[in-house]
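Participant:
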Amino acid sequence: MQRWSTELVTEMAKKVGAQVFVSRLSAYITNGELAKLFSRFGEVKDAHLILDQRTRRPKGFGFVTFGSEDEAQKAIKGLDGRIVAGRLIFVEPANTAPPKPDNPRSD
């Protein structure tokens, strides 16, 4: 059974705490526009929309990663339940699962 190092777990917790999930976005928004929308709350390290595999168009939700958890909390308070481009959007902490170990135990 693989054990996670303390450093890896701490780094994962920081990243999850600094990442937000954004839903109900316009299908016409771009990654750049998403980053610009959230940049007033702090340093945006990454902003990416989830694309439909067939059409390659945004599905209406995505993730924004900030430099700190405090910045992410400010963005949640500032944009959750707001109208953006004519759409009511929701912003919440991202709920990401930790990566699976390379060698899962099989019984």
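Going by the UniProt record's numbering, the sequence shown opens with residue 1, and the numbers climb by one from there. For each residue, glycine too, the CB sits at the ideal point set by N, CA and C.
For GLU92, count neighbouring C-beta atoms within 10 Å of its own C-beta (all shown protein chains included) and say buried if the count is 16 or more, exposed if not.
Facilitator: Counting Cβ neighbours within 10 Å, GLU92 comes out exposed, since fewer than 16 surround it.
Participant: Rounded to the nearest angstrom, what separates ASP52 and THR30 at their Cα positions?
Facilitator: Computed Cα separation, rounded: 14 Å.
Participant: From SER68 to THR55, what does the alpha carbon distance come to, in whole angstroms?
Facilitator: Rounded to the nearest angstrom, the two C-alpha atoms are 34 Å apart.
Participant: When you compare only the Cα positions, how much space is there between VAL84 and LYS45?
Facilitator: Answer to the nearest angstrom: the Cα atoms are 21 Å apart.
Participant: Going by beta carbon distance, what residues of the same chain come within less than 7 Å of ARG82, once the five residues before and after it are set aside?
Facilitator: For ARG82, where only same-chain residues beyond five positions count, the Cβ hits under 7 Å are ILE89.
Participant: Could you work out which residue in LEU49, GLN19, VAL64 is closest to ARG57 when comparing CA atoms only?
Facilitator: Here the closest residue by C-alpha is LEU49.
Participant: Return helix, strand or coil for ILE89, following the three-state DSSP convention.
Facilitator: In this structure, ILE89 counts as coil in the three-state DSSP scheme.
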